[in-house]
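J.:
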Amino acid sequence: MNSSIVRNARLGLLVCCALAGTALAVPGVQAQSVPAAASLPDFTGIVQKNAPAVVQVEAKYDGHDKPGLRGRQGQGGMPDDPQAEIFRRFFGMPMMPSPAEQAHTSLGSGFIISGDGYILTNNHVVADADKVVVRLQDRRILDAKVVGTDATYDIALLKVSAGGSLPTVSIGDSRSLKPGQWVLAIGSPFGFDYTVTQGIVSAVGRNLGKDDQPYTSFIQTDVPINRGNSGGPLFNLQGQVVGINSQIYSGTGGYQGVAFSIPIDVAMNAVDQLKTKGYVTRGQLGVQVSAVSDDMEKAYKLPDASGAAVADVTPGSAAEKAGIQNGDIILGYDGHAIHDPADLPPLVATTKPGTQVPLEILRNGSRKTVQVAVGAMARDKDSVDSVGAAPGQASSGSSMLGITVQPLDDATRKQAGLKPGQGVSVGDVTGDLAAQAGLQPGDVILMVNQQPVGSVEAFRAATRGVKAGSTVLLLVRRNGQNGFIGLTVPGDK
2 MNSSIVRNAR LGLLVCCALA GTALAVPGVQ AQSVPAAASL PDFTGIVQKN
52 APAVVQVEAK YDGHDKPGLR GRQGQGGMPD DPQAEIFRRF FGMPMMPSPA
102 EQAHTSLGSG FIISGDGYIL TNNHVVADAD KVVVRLQDRR ILDAKVVGTD
152 ATYDIALLKV SAGGSLPTVS IGDSRSLKPG QWVLAIGSPF GFDYTVTQGI
202 VSAVGRNLGK DDQPYTSFIQ TDVPINRGNS GGPLFNLQGQ VVGINSQIYS
252 GTGGYQGVAF SIPIDVAMNA VDQLKTKGYV TRGQLGVQVS AVSDDMEKAY
302 KLPDASGAAV ADVTPGSAAE KAGIQNGDII LGYDGHAIHD PADLPPLVAT
352 TKPGTQVPLE ILRNGSRKTV QVAVGAMARD KDSVDSVGAA PGQASSGSSM
402 LGITVQPLDD ATRKQAGLKP GQGVSVGDVT GDLAAQAGLQ PGDVILMVNQ
452 QPVGSVEAFR AATRGVKAGS TVLLLVRRNG QNGFIGLTVP GDK
C-alpha cells in the first residue's frame, strides 16, 4: 500500500477502548504497579488559557464546488462517505455538513494572533472560497476577510471585527523544539470543535520533498491530527504556539501516527509580509543541487556524504555572481550545516532578498567561504495580494470590482514597456463585474479614475471610496496596448 502526504484525513472506524486506567487480575501473576499520574504533564491549564483563542474556520463556495475536491486533499470538508452520513444523522456530529453541503463547504481550524482580530490558518482551508466565517468558543460567528495567502507555505491570514479585544495565543519559538518534547493540538477534527490531542515531537527540520512544500522544514509529531485540524495551533508545555497543524502521512487516508506542522517562525514571517505588502518574498540562490553520491564521495575523498552538490548554476543568479561553480559541494549556509540537499531550500527561502550570507563550500578538496547576496525568488500566480479576496465582504473598495492585484517588479515593467513605479498587475478575476468588463489575469492597471497607481497600496487607496452605483474607469495595458475599461458597480436593490 502506497503511503502519501495528506493535509486532512477521511473518517474511519470509531473504536471504543475501555482499558485505560484499569488493572487486569491474572491468576498467578503479581500485579504490577502503575506509574504515578503526577509524572505525566497536566495540559488543563494550557487548554483553559488558549482554547478561547482557537476558532473553527468555515469556507463557503457559493454556486460552485470546492476546487478539486476529489483530486485535491487540502480541503477541510469531508468527502462523501456513507458512514459519515450515518454518524451525522444519528449522533448529530457538530458542524458536519450533509453530502450536498460538502461540495460547497470547507472546514478547518485557526487561532487568533492579535486582539484586533488577525487569525492564522492554512491556505488550503480557505483557498478560492467565496466567503469565510469563523466560530469562536463563545459561539459567536464572525465574517472573516482574507487579508492575504501564500500557497507555497500554506499560510492564510484572516481578519475579523468583533467590536472589542479578542483573546489571543502566545507565540513561541519553534527553533527551540527538540525531539521528545511534549506538544498538544487544539482543533476541530470532523467538526468536533475544541478537541484536544497530545503527543511528542518526533523530529524537527523534516523536509517532505520537492513536490510538497520544499521550502518548509516541518515539525513532525505523533499528535493525532485528522480532517478539520488543519490550520489549528500546536502548543508546547509553556502554552505557546510553536506550529500550525497542516498534514499527515498516511497509507489509508486516516491518522497513522505521523503528523506535520508548519513552524510558527516561518508562519509569522509570512504574516508580517502579508500585512505589509500582501504577498510573501522568498530568497533564492539560483542553484540546482543533488545528493553527494558514493562516486562523488570516493572521487573527492570525502569523509562522508554530507552536503549538497551543485549540479547547475542559473546564469545571472546570486550564486553565479558569488562565483559558485558546478561541482561545488555546499556544506554550510549562514552558519547552518547542510547535511543533504533538502536542508538548503528552506534556509534560503526564509532569507530576506539582498542579505549577504556566508556560504561554506568544498571545491577541489579545499573548504572555503564565499559571501552571497541572496536574490529574490519569482512569485507564482498563487502568491498574489488578496485585495478583496473575501467575497461576501464587498462593502467597499476593490472587492466590489471583483479583482485581486499584485505588484510589478522592475524587470516585468521593462518587458511591458513601462517606467519604474508604473502599474499593478491583475492577479485574478474573482467577480462577475470584472469578468463581464473583459479584465483578465495579467492585465496591468495603470490608472484608477485618472489617478496613477504604481503599487498595491496606491491601488487600495484609489479604490477605497468605491460604492454601489459608482463607475470606476481603469486605464489598462494588455499586449503592449493601452485602453480604458469602465466598471459600473450595481446599485443597491
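In the working numbering, the protein residues as written are 2 to 494. By construction, the Cβ of each residue, glycine as well, lies at the ideal position given by its N, Cα and C atoms.
Determine the direct distance from the alpha carbon of residue 450 to that of residue 482, and round the result to whole angstroms.
T.: Residue numbering aside, residue 482 sits at position 481 when the sequence shown is read from its first letter. Residue numbering aside, residue 450 sits at position 449 when the sequence shown is read from its first letter. So the two alpha carbons sit approximately 18 Å from each other.
J.: Using only alpha-carbon positions, find the residue among 484, 462 and 136 that is nearest to residue 1.
T.: With the chain covering 2 to 494 only, the question about residue 1 has no answer from this structure.
J.: Residues in its own chain within less than 6 Å of residue 72 by CB, not counting five upstream and five downstream?
T.: As a first step, residue 72 is located in the sequence shown; it is residue number 71 there, counting from the start. The predicted position of residue 72 is uncertain, since its pLDDT is 31 and thus under 50; a value taken from the coordinates is nonetheless stated next. If we look at residue 72 and ignore the five residues flanking it on each side, it has no Cβ neighbours.
J.: With DSSP collapsed to three states, give me the class of residue 441.
T.: Numbered from 1 along the sequence shown, position 440 holds the residue referred to as residue 441. Residue 441: coil per DSSP, three-state reduction.
J.: Quick check on DSSP: helix, strand or coil for residue 47?
T.: Locating residue 47 in the sequence shown gives position 46, counting from the first residue. In the structure shown, residue 47 sits in a helix (DSSP, three-state: H, G or I).
J.: In or out: residue 338 buried (at least 16 other Cβ within 10 Å) or exposed?
T.: Residue mapping note: residue 338 aligns to position 337 of the sequence shown, counting from 1. With fewer than 16 other Cβ atoms within 10 Å, it is exposed.
J.: What are the boundary residues of the beta strand (DSSP E) that residue 496 is part of?
T.: No answer is possible for residue 496: the residues shown for the chain start at 2 and end at 494.
J.: Let me confirm a value: residue 141 is counted as buried when at least 16 other C-beta atoms fall within 10 Å, else exposed. Which label applies?
T.: As a working note, residue 141 is residue 140 in the sequence shown. Result: exposed.
J.: For residue 310, does the count of other Cβ atoms within 10 angstroms reach 16, so buried, or fall short, so exposed?
T.: Locating residue 310 in the sequence shown gives position 309, counting from the first residue. Residue 310 comes out buried.
J.: Going by beta carbon distance, what residues of the same chain come within less than 7 Å of residue 22, once the five residues before and after it are set aside?
T.: Taking the sequence shown and counting its residues from 1, the one referred to as residue 22 is at position 21. Only weak support exists for where residue 22 lies, its pLDDT of 38 falling under 50; the value from the coordinates is given anyway. Once the five neighbours on either side are set aside, residue 22 has no close Cβ partner at all.
J.: For residue 202, which option in 215, 371, 193 and 186 has the closest C-alpha, if you only look at C-alpha atoms?
T.: As a working note, residue 202 is residue 201 in the sequence shown. The candidate whose alpha carbon is nearest that of residue 202 is 186.
J.: Flag this pair as yes or no: are the beta carbons of residue 175 and residue 267 separated by less than 9 Å?
T.: The residue labelled residue 175 in the question sits at position 174 within the sequence shown. The residue labelled residue 267 in the question sits at position 266 within the sequence shown. Yes, the Cβ-Cβ distance between residue 175 and residue 267 is below 9 Å.
J.: Where do the N-terminal and C-terminal ends of the alpha helix (DSSP H) with residue 273 fall, by residue?
T.: As a working note, residue 273 is residue 272 in the sequence shown. Element bounds for residue 273: 265-278.
J.: What does residue 109 pair with, by DSSP beta-bridge criteria?
T.: As a position in the sequence shown, residue 109 is number 108, starting the count at 1. For residue 109, which the question treats as bridged, DSSP gives the partners 58.
J.: Taking residue 377 as the reference, which of 355, 366, 368 and 367 has the closest Cα?
T.: Position 376 of the sequence shown holds residue 377. Of the listed residues, the one whose Cα sits closest to residue 377 is 355.
J.: According to the Cβ coordinates, are residue 235 and residue 229 closer than 9 Å?
T.: Within the sequence shown, the letter at position 234 stands for residue 235. Within the sequence shown, the letter at position 228 stands for residue 229. Their beta carbons are not under 9 Å apart, which means residue 235 does not touch residue 229 by this criterion.
J.: In the DSSP assignment, find the unbroken beta strand (DSSP E) run with residue 288 in it and report its ends.
T.: Indexing the sequence shown from 1 puts residue 288 at position 287. Residues 288-292.
J.: Considering only their Cβ atoms, is the gap separating residue 272 from residue 121 smaller than 9 Å?
T.: Taking the sequence shown and counting its residues from 1, the one referred to as residue 121 is at position 120. Taking the sequence shown and counting its residues from 1, the one referred to as residue 272 is at position 271. Against a cut-off of 9 Å, the Cβ pair of residue 272 and residue 121 comes out as a contact.
J.: Can you look up residue 244 in the DSSP assignment and give me helix, strand or coil?
T.: Locating residue 244 in the sequence shown gives position 243, where the first residue counts as 1. Three-state DSSP puts residue 244 in a strand.
J.: Which same chain residues end up closer than 6 Å to residue 489 when comparing Cβ atoms and leaving out the 5 residues on each side of it in sequence?
T.: Walking along the sequence shown from the start, residue 489 turns up at place 488. Counting only Cβ-Cβ distances below 6 Å, and skipping sequence neighbours, we find 472.
J.: Who are the near neighbours of residue 479 in its chain, counting only those whose CB is closer than 8 Å to its CB and skipping five residues on each side?
T.: In the sequence shown, residue 479 corresponds to position 478, counting from 1. Result list for residue 479: 441, 443, 444 and 445, in chain order.
J.: Is residue 89 buried or exposed, if buried means 16 or more other CB atoms sit within 10 Å of its CB?
T.: The residue given as residue 89 occupies position 88 in the sequence shown. The pLDDT assigned to residue 89 is 42, lower than 50, so where the model puts this residue is not dependable; a value taken from the coordinates is nonetheless given after this. The residue is buried, with at least 16 neighbouring Cβ atoms inside 10 Å.
J.: Within this structure, are the beta carbons of residue 315 and residue 288 separated by less than 9 Å?
T.: Mapped onto the sequence shown, residue 315 falls at position 314. Mapped onto the sequence shown, residue 288 falls at position 287. In this structure, residue 288 lies closer than 9 Å to residue 315 by Cβ.
J.: Taking Cβ to Cβ, would you say residue 333 is nearer than 9 Å to residue 360?
T.: Locating residue 333 in the sequence shown gives position 332, counting from the first residue. Locating residue 360 in the sequence shown gives position 359, counting from the first residue. The answer is yes: Cβ separation under 9 Å.
J.: Taking 9 Å as the cut-off, decide whether the C-beta atoms of residue 123 and residue 178 are in contact.
T.: On the sequence shown, position 122 is the one that residue 123 refers to. On the sequence shown, position 177 is the one that residue 178 refers to. The answer is no: Cβ separation not under 9 Å.
J.: Assign residue 125 to one of two classes, buried (16 or more other C-beta atoms within 10 Å of its C-beta) or exposed (fewer than that).
T.: If you number the sequence shown from 1, residue 125 lands on position 124. So residue 125 counts as buried.
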